Structures are given as C-alpha cells and as structure tokens.
Amino acid sequence: MQPYVKDNSGSHGSPVSGTLHGIFFSCNTEFNTGQPPQDSPYGRIRFQVPASRLFNTNSNLYFADLYCMYTAYHYVVLVLAPKGSSGDLFCRERLPQLDISENRFLTCSVENGELVYRHAQDVLLEVIYTEPVDLAQGELGEISGHQLMSLSTANAKKDPSCKACNISVGR
0 MQPYVKDNSG SHGSPVSGTL HGIFFSCNTE FNTGQPPQDS PYGRIRFQVP
50 ASRLFNTNSN LYFADLYCMY TAYHYVVLVL APKGSSGDLF CRERLPQLDI
100 SENRFLTCSV ENGELVYRHA QDVLLEVIYT EPVDLAQGEL GEISGHQLMS
150 LSTANAKKDP SCKACNISVG R
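0 is the number of the first residue of the sequence shown in numbering that gives the first Met the number 0; add one for each residue after it.
Structure (structure tokens):
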C-alpha cells in the first residue's frame with residue numbers, strides 16, 4: 000500500500016490535512032478481548048498488521064489532531080513515522096512529538112525483552128503511518144459486524160462548540 004495525502008477531516012487548519020502522505024490505520028480494540036472491533040465505520044474490509052511491523056523503538060510518534068463530530072465520541076489522530084524518514088522530518092517541524100513509551104494515547108515499551116503495546120480506550124484512535132506497507136506484512140479480512148457509517152470520519156468536520164476538544168486562547 001502506498002501513502003496518500005490525508006484528507007481535510009478533523010480540525011480546521013491541522014498541519015497534516017491535505018499535506019501529509021501516509022496510510023490510515025485504526026488502533027481501536029474491544030476492551031474485553033483486545034481484538035479489533037467487530038463493527039467498523041471504515042468499511043467492510045479490514046487490513047490487520049501486527050503492531051511490531053510498524054511501531055517499535057525505531058519509530059517516532061506525533062500528536063496530529065483531536066476532534067469530535069457533534070457526538071460524544073472524540074477522535075485522536077497520531078502520526079507514526081520511522082526515525083529519519085521523510086514523514087518523520089515533516090512531522091518534526093510541524094507536530095508535537097510524543098514519548099513512545101509514556102503518553103496517554105498509544106505506547107510501545109520493552110518489558111522482559113518483548114515489545115508491549117497499550118492504547119487509550121476512551122477515544123477513537125487513528126494512526127497515520129508515513130511509509131509504504133507491504134500487504135504481505137498483514138492480512139485482509141471482512142469485518143464480522145456492521146459497517147457503522149454514523150461514525151465514519153470521511154470529510155468530518157470538528158464541532159466548534161465542543162468544550163473538550165477546542166482550546167480557548169485569551170477568552
């Protein structure tokens with residue numbers, strides 16, 4: 000899969016909208032199983048790749064956006080880039096970098112010699128990976144539940160009245 004330009008969904012003026020090239024991934028799992036959700040707002044086909052193939056100690060992680068779409072659900076957009084890649088250089092100049100082993104959204108740490116991953120359960124977590132991904136690294140499959148178009152982020156616009164995801168400066 001080749002990176003493509005991120006759409007204009009999310010916050011108005013986001014430095015990655017319409018400029019960053021990447022591949023979009025959802026990082027949500029069922030809280031009781033740790034498996035991807037049965038339902039999906041992203042379509043009926045899912046490409047699932049082990050986290051270690053994309054996210055490891057040679058990766059940098061950046062915060063890109065926080066928004067809601069007039070619902071109680073909040074979306075967090077992160078950018079994942081191999082250290083030194085063109086995507087990493089793009090993000091380093093435009094986005095706040097997160098500590099991969101300690102942040103509130105998505106972590107990768109080494110425990111007992113193994114990579115361990117954790118993610119926030121109270122937001123819908125979206126990750127943009129900045130490099131091509133070989134389909135042989137993962138597997139394609141059909142979701143077992145419903146396609147939830149009501150949660151789709153295609154051309155989503157941020158709710159300007161939300162008190163949780165809008166920062167009021169000097170007011």
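Quick reminder that beta carbons are idealized off the backbone N, C-alpha and C, glycines included. None of the values given here were measured: they were computed from a predicted structure.
**Asked** Distance, Cα to Cα, Leu105 vs Glu141?
**Response** 25 Å
**Item:** the stretch 92 to 107 / the stretch 2 to 10 touching (three or more Cβ pairs under 8 Å)
**Value:** Contact between the stretch 92 to 107 and the stretch 2 to 10 is absent, because fewer than three Cβ pairs lie under 8 Å.
**Request:** Determine the direct distance from the alpha carbon of Leu19 to that of Phe89, and round the result to whole angstroms.
**Result:** In a straight line, the C-alpha of Phe89 is about 8 Å away from that of Leu19.
**Item:** DSSP-derived helix/strand/coil call for Arg93
**Value:** coil
**Message:** Once the 5 residues before and after Ser84 are set aside, which same chain residues still bring their CB inside 7 Å of it?
**Reply:** Thr129 and Glu130
**Prompt:** Considering only C-alpha positions, which residue in the set Glu92, Leu65 and Thr32 is nearest to His11?
**Reply:** Selection Glu92, Leu65 and Thr32 evaluated against His11 yields Leu65 as nearest (Cα-Cα).
**Prompt:** Per DSSP, which one or two residues make a beta bridge with Ile99?
**Reply:** By DSSP's assignment, Ile99 forms no beta bridge with any residue.
**Message:** Taking only three categories from DSSP, how would you classify Asp121?
**Reply:** coil
**Prompt:** Quick one: what does DSSP say Arg52 is sitting in, helix, strand or coil?
**Reply:** Three-state DSSP puts Arg52 in a helix.
**Prompt:** So does the stretch 109 to 125 actually touch the stretch 25 to 39, counting three or more Cβ pairs closer than 8 Å?
**Reply:** yes
**Message:** Within a Cβ cutoff of 7 Å, which residues of the same chain sit near Lys82, ignoring the five residues on either side of it in sequence?
**Reply:** Asn57, Ser58 and Asn59
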